[in-house]
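Data first, discussion second: the structure below is written as structure tokens.
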Amino acid sequence: MSNKAGIGFRKDFAEEFLSGSVLKPGFLELAPENWMKIGGYWKKQLNRLAEMYPITAHGLSLSIGSPDELDMDFLKNVKYFLEEYNIEIYSEHLSFSKCDNAHLYDLLPIPFREDAVKHVSQRIKQVQDFLGRQITIENVSYYTPVAAEMDEATFITNVVKEAGCKFLLDVNNVFVNAFNHNYDAKTFIANLPLDQVEYIHMAGHTKVSPNLIIDTHGEAIIDPVYELFEWTLERVNQVPVLLERDFNIPEMEEMQSELNNLESIMTKKWETKNVIENRNI
Amino acid sequence: MLLKTETYNQQSNFVKYCRDGKEVAILGTNPERLPHYRRLVFNIIKDTLETTFPISFEYIKTEIWDEMVFNYFSNHKCNDPQVWRMPEEFVDFCKTENYAAKFNLPFLNDLLYFEWLEVELYMMEDVTYPQVNNTTDWLKEKIAVNPEHKIIKLEYPIHLEKPFEAANKKGDYFLLLFREKETGKVQFVNLSVLFTFLIENIVLAEKTLEEIFNDILYIFGINDLEMLRSEVFKFLKDLKTRGFVLGVHC
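Keeping their order, the protein sequence lines are chains P and B. One point on numbering: in the numbering used here, the residue at position 161 of the first sequence is 161, and numbering is uninterrupted. One point on numbering: in the numbering used here, the residue at position 43 of the second sequence is 1043, and numbering is uninterrupted.
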């Protein structure tokens, strides 16, 4: 699956995936929360899709940064789902979505603090022990820091190192955060645990005010994000890349065109990188 | 726990703010941007409820619907990690808050429940179908039915009429909902009391159809067995065509 560009699966265009007439992703990503413990029509569709495409799972509700206890029943269901569909990559967000026993179903920023690093790392280890596999943790977009005592890159790096997990680098999230919090995106990426990158996300976003971008996944990827992507690929190993598009869905030809753009950049950058590395040998 | 109390407090206050919007001190946050989180989280709840309850959303006045959703969001701690299952908690919340009386929407509890059941049945995990014979001689046999079903009782006929028209027809309404095997679509069938008794007994699979007939004759005080048989067979054949009756148990 590495070196392939995939797309986030949405029910809105399920038939397109099944017909394969226009959209030809290298793999599909789906949120286990929306697909586990279901039956009927969508279970049948999922089974058909799983025969056609490799699948990655990108979770929404694990709430790895929550102060609450891990939900082991939920994890049991995730484990079963991952095994049922032979899913190799299970990623989750470095954020929290549940606190004081209330789910909020969105990605809230964890305080960038040393105790939070230890707390989150311990929980990731617990999840990995239970699932019997490494999980992959994603840098999220955030609109305000909360009680931060360290910078974001240090927080992410320390969590990934201490937990011994893999890293999902969301290039668009870096771009969004760099704009919203006035830092340099390339310097930020250079400080991340790039040797642990197992998966990359790309997406579009929406500028809602002169000084704020929201990570909507509702627009096409813009050129500066492609440029950051190209720069990033020179620094990471070959991994799968995902196009996220959740709202304002365009014509399928346009989506395929974005997938083609991503794959063409991946081929160009990684082939060049391989040639250079081979020459050095 | 490795998390310090102070860090926990910041996260807890952040979540409280997202849910109720009341100003609260959270260290190091940008006050201009906090409302975006509240808006984003609220929209997830709001959109999910509108999608799950399209009829309620269409017929209930916007200001009342918004108040119900806002109160739910602020006061209820959503418990289910699967967001599509969260609306079931909204059904219970509205019942507990007695919104049917408060907003003069007597049909509310039934309508929300009905709409939720439709989603739940549509999405529920597959249930193993029984082994069946396709004989047409049903009388001496135990009838086998589609296991993906629910039988419910409503006070208002919201499945038959528009909500505000149903509000004037309080009574006992029985309903069979089931998921079609091939298409996955949810069908519903309005049931009389007698047919409810019949279906409930068939589902139990403890008695043959003939034994159930005898119970019906006794309980409902019916004298005309032939007419009963004729009506029941007509009803069951229709349910077979629709995919609820499968045949007889092996």
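Quick reminder that beta carbons are idealized off the backbone N, C-alpha and C, glycines included. Since the model is a prediction, treat every value here as computed from it, not as a measurement.
Query                                                                                                                                                                   : Result
Give the residues of chain B in contact with Trp42 of chain P, contact being defined as C-beta atoms less than 9 Å apart.                                               : Tyr1122, Met1123 and Gly1184
If you reduce the DSSP assignment to three classes, tell me which class Asp1126 of chain B lands in.                                                                    : coil
Pull up the CB-CB distance for His201 of chain P and Glu152 of chain P, whole angstroms please, since I reckon it's below 8 Å.                                          : His201 of chain P to Glu152 of chain P, Cβ: 16 Å. No contact.
Find the residues of chain B that neighbour Ser61 of chain P, judging by a C-beta separation of less than 8 Å, and give them in chain order.                            : Pro1081, Gln1082 and Val1083
What does DSSP give as the partner residue(s) for Val1145 of chain B in the beta ladder?                                                                                : B:Val1245
Over the uninterrupted alpha helix (DSSP H) stretch that includes Asn1254 of chain B, give me the two end residues.                                                     : Summary: the structure shown does not reach residue 1254 of chain B, with chain B confined to residues 1001 through 1250, and so no result is reported for it.
Tell me which residues of the segment 74-107 of chain P have at least one Cβ-Cβ distance to chain B shorter than 7 Å, keeping chain order.                              : Phe74, Phe96, Cys99, Asp100, Asn101, Ala102, His103, Leu104, Tyr105 and Asp106
Using 10 angstroms around the beta-carbon of Ser2 of chain P, count the other beta-carbons present and answer buried if the total reaches 16, otherwise exposed.        : exposed
What does Arg1179 of chain B pair with, by DSSP beta-bridge criteria?                                                                                                   : B:Val1186
My output table needs one value for Leu75 of chain P: the three-state DSSP class, helix, strand or coil.                                                                : helix
Is there a C-beta anywhere in chain P that falls below 8 Å from the one on His1149 of chain B?                                                                          : no
Note down, in chain order, all residues in the segment 157-182 of chain P with a beta-carbon under 7 Å from any beta-carbon belonging to chain B.                       : none
Return no unless some Cβ of chain P is closer than 8 Å to the Cβ of Cys1250 of chain B.                                                                                 : no
In whole angstroms, what separates the C-alpha of Val1232 of chain B from that of Leu1217 of chain B?                                                                   : 12 Å
Going along chain B in order, which residues have a C-beta closer than 7 Å to the C-beta of Arg113 of chain P?                                                          : Thr1007
Using a beta-carbon distance cut-off of less than 8 Å, what residues from the segment 128-148 of chain P approach chain B?                                              : Tyr143, Thr144, Pro145, Val146, Ala147 and Ala148
Met1001 of chain B CB to nearest chain P CB: under 8 Å?                                                                                                                 : yes
Using a Cβ-Cβ cutoff of less than 7 Å, which residues in the same chain neighbour Val117 of chain P once the five nearest sequence positions on both sides are dropped? : Phe155, Asn158, Val159 and Glu162
Is it buried or exposed for Phe1195 of chain B, if we count other Cβ within 10 angstroms and need 16 for buried?                                                        : buried
Is the Cβ of Tyr1072 of chain B closer than 8 Å to any Cβ of chain P?                                                                                                   : no
I'd like to know if Gly218 of chain P contacts chain B, where contact means its C-beta is closer than 8 Å to some C-beta of that chain.                                 : no
Do you know offhand how far Leu1236 of chain B's Cα is from Gly1184 of chain B's?                                                                                       : 21 Å
Interface residues of chain P around Ile1216 of chain B at Cβ under 9 Å?                                                                                                : Per Cβ cutoff of 9 Å: no residues; Ile1216 of chain B is ~33 Å from chain P at best.
Sorted by chain position, which residues of the same chain lie with C-beta nearer than 6 Å to Phe81 of chain P's C-beta, five sequence neighbours on each side aside?   : Pro32 and Met36
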